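J.: Take a look at this one; I'll ask things after.
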Amino acid sequence: MFRLDEGLKVYLHREAIDLRLSINGLALLVEKALGLDPFAACVYVFSNRRRNRVKILGWDRNGFWLLLKRLEQDRFIWPLEAAVPALTVEQLHWLLEGIDIGVVQRHPQRLYERVT
Numbered sequence: 431m432f433r434l435d436e437g438l439k440v441y442l443h444r445e446a447i448d449l450r451l452s453i454n455g456l457a458l459l460v461e462k463a464l465g466l467d468p469f470a471a472c473v474y475v476f477s478n479r480r481r482n483r484v485k486i487l488g489w490d491r492n493g494f495w496l497l498l499k500r501l502e503q504d505r506f507i508w509p510l511e512a513a514v515p516a517l518t519v520e521q522l523h524w525l526l527e528g529i530d531i532g533v534v535q536r537h538p539q540r541l542y543e544r545v546t
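Under my numbering, the first residue of the sequence shown carries the number 431, and numbering increases by one thereafter.
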């Protein structure tokens with residue numbers, strides 16, 4: 431399995447799309463439907479209506495790259511909360527592994543000061 435950098439921003443397109451869209455079509459969708467910059471240092475995640483395929487679009491310095499994952503029997507569990515939810519890279523990997531990210535919660539990060 432591939433791994434993305436932890437600091438990368440991930441945006442999830444909530445509605446199902448026609449996955450016959452190419453890089454240009456997905457970039458246009460990012461710009462028009464999501465109101466985001468397709469050339470930003472982040473990735474955009476799309477799914478089809480059956481939720482058995484995911485496409486990930488990203489820009490890397492001098493060109494786009496496109497990843498596709500197709501499940502043979504199962505379905506991705508797609509979150510429905512926000513219009514353009516921003517995910518962490520860890521949540522994206524959970525989504526691709528079939529984990530329902532809507533119910534998974536991490537412990538809050540705690541910062542303690544040193545006692546002298």
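Glycine included, each C-beta is placed from N, C-alpha and C at the ideal position. This structure is a prediction, so every number in the text was calculated from the model and none was measured.
#1: Does the Cβ-Cβ distance between A457 and F494 come in under 8 Å?
#2: Whole angstroms is fine: what's the gap from L498's alpha carbon to G465's?
#3: Alpha carbon to alpha carbon, how far is I531 from P538? Give it in angstroms, no decimals.
#4: Using 10 angstroms around the beta-carbon of S477, count the other beta-carbons present and answer buried if the total reaches 16, otherwise exposed.
#5: Between P515 and the rest of its own chain, which residues show a CB-CB distance below 8 Å, the 5 nearest in sequence each way excluded?
T.: So, from the data block:
#1: Sequence index remark: in the sequence shown, residue 457 carries index 27 (1-based). Sequence index remark: in the sequence shown, residue 494 carries index 64 (1-based). Yes, the Cβ-Cβ distance between A457 and F494 is below 8 Å.
#2: On the sequence shown, residue 498 is found 68 positions in, with the first residue counted as 1. On the sequence shown, residue 465 is found 35 positions in, with the first residue counted as 1. So the two alpha carbons sit approximately 23 Å from each other.
#3: Within the sequence shown, the letter at position 108 stands for residue 538. Within the sequence shown, the letter at position 101 stands for residue 531. Distance between the alpha carbons of P538 and I531: 16 Å.
#4: Within the sequence shown, residue 477 is the residue found at index 47, counting from 1. Buried, since its Cβ has 16 or more Cβ neighbours within 10 Å.
#5: Position 85 of the sequence shown, counted from the start, is the residue given in the question as residue 515. If we look at P515 and ignore the five residues flanking it on each side, its Cβ neighbours are Y441, L442, R444 and P509.
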